[in-house]
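Numbering (our numbering), first residue to last: 1068 to 1416.
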Amino acid sequence: AESELAEMETEISKLQELADVWEKSKERNLLECHIAPPESESSGISIRHLQYARGTAMVRAEHVDLEPGIYAVTGGNGSGKSTLFRVLMGCDTNEKPIDLPSSIVLLTPEEPLIPDDAVPDKACRAPDDSFEPDGESTQDVVPKLSLTMPSSDVAEISQTFYWPLYTRPIDWIYQCHLEDISEEKREGMVRRVAEELHSLEFTQKLQSLSPDRNETDSVVTEGPTLTPVNDTIVRIITDLEEEKEDWFNDLSGGQKSKVELVRKVFLNNECPKVLLIDETMAPLDPTSKSLVMSKIKSFCGGSVVLVIYHTDVGVGKQDENDGKGDIVECVPSNNFFDHNIHVENNVLT
């Protein structure tokens, strides 16, 4: 009886731990942000008095305005670039906010900063010795964190991707079961994904491709002979509609990036107003990288696009005395990036 009682107490303890974990999972850890009003002149991201720390990285962004354009986010490894994305994705105004992990520490209060144009005129006059704004001593006034987003439409393509097992790729891409949709509409949706992937040279090795044929050969079906392009698209369609045990894991790093870009960006009618791309370009070959950059450039012209990018390393101005050059970072001038924000010495500029 005593052993049974001890076993029961152990099981009760386990259930209590699970209940605590379940309750804790319901608590959201989001950052209070704001959406710019329609009449606002700014259509970008406005950051005021943000300080955050994660591990050994600590970053300060006192006054940063990011208008629509494509920004290269640069800085050393572990400088806090990816953590900036975590902060932006943690905004409670996002359509799909992601909780801030406990490892991120915000070092400024979560209160909106009073806009400069909202300060009363009397505050611009020299006060007398007894003047204290709002009844508080000016020594007690501290900067307040303010983070304003242009829209709730915010998307991120992170370094790691999740893909469920035993699913049809097309269902996960659209986040729904396409079998419940009419055949005509379903065919159009599947073909659109295939065409988007093909435009990015998504050349996966399909099992249906026999050893004595190559991808450029035409194939004869129950209809007319297909062109090489249509043949490839048909093969992608077939692969997308077949249930796979672990389709995503069988793809290369570049193919995974292309699938996520299509799923989260190019299938939309318009680009998300804020798009965060974390190292997605890294696994792409030069041709694919050029295609992806060109497509983002044309599709996301009115959005704020932040791309964490490993910069080229070059030699700076040489010292006249020792002839040695300083190592500097530079963003390659390939006409993709409009601006560069850089993290150095714990400051985002």
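Note that beta-carbon positions come from the ideal geometry of N, C-alpha and C, so glycine has one too.
In this text the structure is predicted, and so the values were computed from the model without any measurement.
Next on the checklist: Residues in the same chain with beta-carbon distance under 8 Å from VAL1329, minus the five sequence neighbours each way, listed in chain order, please.
Outcome noted: The residue you call residue 1329 lines up with position 262 of the sequence shown. Cβ neighbours of VAL1329 beyond the five flanking positions: ILE1240, VAL1260, GLU1263, LEU1264 and LEU1267.
Checklist entry - Quick one, are the C-beta atoms of GLU1312 and TYR1229 less than 8 Å apart? => result If you number the sequence shown from 1, residue 1312 lands on position 245. If you number the sequence shown from 1, residue 1229 lands on position 162. No; because the gap between Cβ atoms is not below 8 Å, this pair is not in contact.
Next on the checklist: Less than 8 Å between the beta carbons of TYR1376 and ALA1128, yes or no?
Outcome noted: By one-based count along the sequence shown, residue 1376 stands at place 309. By one-based count along the sequence shown, residue 1128 stands at place 61. Going by C-beta atoms, TYR1376 is not nearer than 8 Å to ALA1128.
Next on the checklist: Distance check for ARG1153 and LEU1167, CA to CA, integer angstroms please.
Outcome noted: Position 100 of the sequence shown, counted from the first residue, corresponds to residue 1167. Position 86 of the sequence shown, counted from the first residue, corresponds to residue 1153. Spanning the two alpha carbons is a distance of roughly 7 Å.
Checklist entry - In angstroms, rounded to a whole number, what distance separates the CA positions of LYS1325 and SER1213? => result To locate residue 1325, count along the sequence shown from 1; it is residue 258. To locate residue 1213, count along the sequence shown from 1; it is residue 146. Approximately 34 Å between the Cα atoms of the pair.
Item to check | For PRO1168, the three-state DSSP class (helix, strand or coil) | outcome: Position 101 of the sequence shown, counted from the first residue, corresponds to residue 1168. PRO1168: coil per DSSP, three-state reduction.
Next on the checklist: Taking its Cβ as the centre, do 16 or more other Cβ atoms sit within 10 Å of GLU1071, making it buried, or is it exposed?
Outcome noted: For the purposes of this step, residue 1071 is identified with residue 4 of the sequence shown, where counting begins at 1. Answer is exposed; the Cβ neighbour count stays below 16.
Next on the checklist: Between which residues of its own chain and LEU1173 is the CB-CB distance below 6 Å, once the five residues before and five after are set aside?
Outcome noted: Within the sequence shown, the letter at position 106 stands for residue 1173. Contacts found: TYR1119.
Next on the checklist: Just to confirm, is the Cβ distance from LEU1307 to ILE1224 under 8 Å?
Outcome noted: Against the sequence shown, residue 1307 aligns to sequence position 240. Against the sequence shown, residue 1224 aligns to sequence position 157. No, Cβ-Cβ distance for LEU1307 and ILE1224 is not below 8 Å.
Item to check | For THR1123 and ALA1068, the rounded distance between their alpha carbons | outcome: Here residue 1068 refers to the residue found at position 1 when the sequence shown is read from its first residue. Here residue 1123 refers to the residue found at position 56 when the sequence shown is read from its first residue. One C-alpha to the other measures close to 53 Å.
Checklist entry - Can you tell me the Cα-Cα spacing of VAL1332 and GLU1254, whole angstroms? => result What you label residue 1332 is simply residue 265 of the sequence shown in a count that begins at 1. What you label residue 1254 is simply residue 187 of the sequence shown in a count that begins at 1. If I take the Cα positions, the gap works out to 20 Å.
Item to check | Among GLU1099, GLU1094 and VAL1131, the one whose alpha carbon lies nearest that of GLY1111 | outcome: Counting from one through the sequence shown, the residue named residue 1111 turns up at place 44. It is VAL1131 whose Cα lies nearest to the Cα of GLY1111.
Checklist entry - Roughly how many angstroms lie between the CA atoms of GLY1136 and LEU1343, to the nearest whole one? => result For the purposes of this step, residue 1136 is taken as the residue at position 69 of the sequence shown. For the purposes of this step, residue 1343 is taken as the residue at position 276 of the sequence shown. For GLY1136 and LEU1343, the distance between alpha carbons rounds to 12 Å.
Item to check | Coil, strand or helix - GLU1411 by DSSP | outcome: Counting from 1 along the sequence shown, the entry for residue 1411 is found at position 344. If DSSP states are grouped into helix, strand and coil, GLU1411 belongs with the strands.
Next on the checklist: Measuring straight from C-alpha to C-alpha, what distance separates SER1113 and THR1077?
Outcome noted: Here residue 1113 refers to the residue found at position 46 when the sequence shown is read from its first residue. Here residue 1077 refers to the residue found at position 10 when the sequence shown is read from its first residue. Taking the straight line from one Cα to the other gives about 52 Å.
Item to check | Span separating the alpha-carbon of VAL1088 from that of GLU1094 | outcome: Taking the sequence shown and counting its residues from 1, the one referred to as residue 1088 is at position 21. Taking the sequence shown and counting its residues from 1, the one referred to as residue 1094 is at position 27. Spanning the two alpha carbons is a distance of roughly 10 Å.
Checklist entry - What does a CB cutoff of less than 7 Å around THR1024 pick up in its chain, not counting 5 residues either side in sequence? => result Outside the displayed span of the chain (1068 to 1416) sits residue 1024, for which this structure offers no information.
Item to check | Distance, PRO1295 Cα to CYS1158 Cα | outcome: Working through the sequence shown from its first residue, we reach residue 1158 at position 91. Working through the sequence shown from its first residue, we reach residue 1295 at position 228. Those two C-alpha atoms are separated by around 46 Å.
Item to check | Rounded separation between ASP1298 and LYS1323 - CA only | outcome: Working through the sequence shown from its first residue, we reach residue 1298 at position 231. Working through the sequence shown from its first residue, we reach residue 1323 at position 256. When rounded, the distance between both Cα atoms is 22 Å.
Item to check | Residue nearest to GLY1142 in terms of C-alpha spacing, selected from THR1354, GLU1346, GLY1369 and ARG1258 | outcome: For the purposes of this step, residue 1142 is taken as the residue at position 75 of the sequence shown. The residue with the shortest Cα to Cα distance from GLY1142 is GLU1346.
Checklist entry - Nearest-angstrom Cα distance between PRO1353 and LYS1364? => result Indexing the sequence shown from 1 puts residue 1353 at position 286. Indexing the sequence shown from 1 puts residue 1364 at position 297. PRO1353 and LYS1364: Cα-Cα distance of roughly 16 Å.
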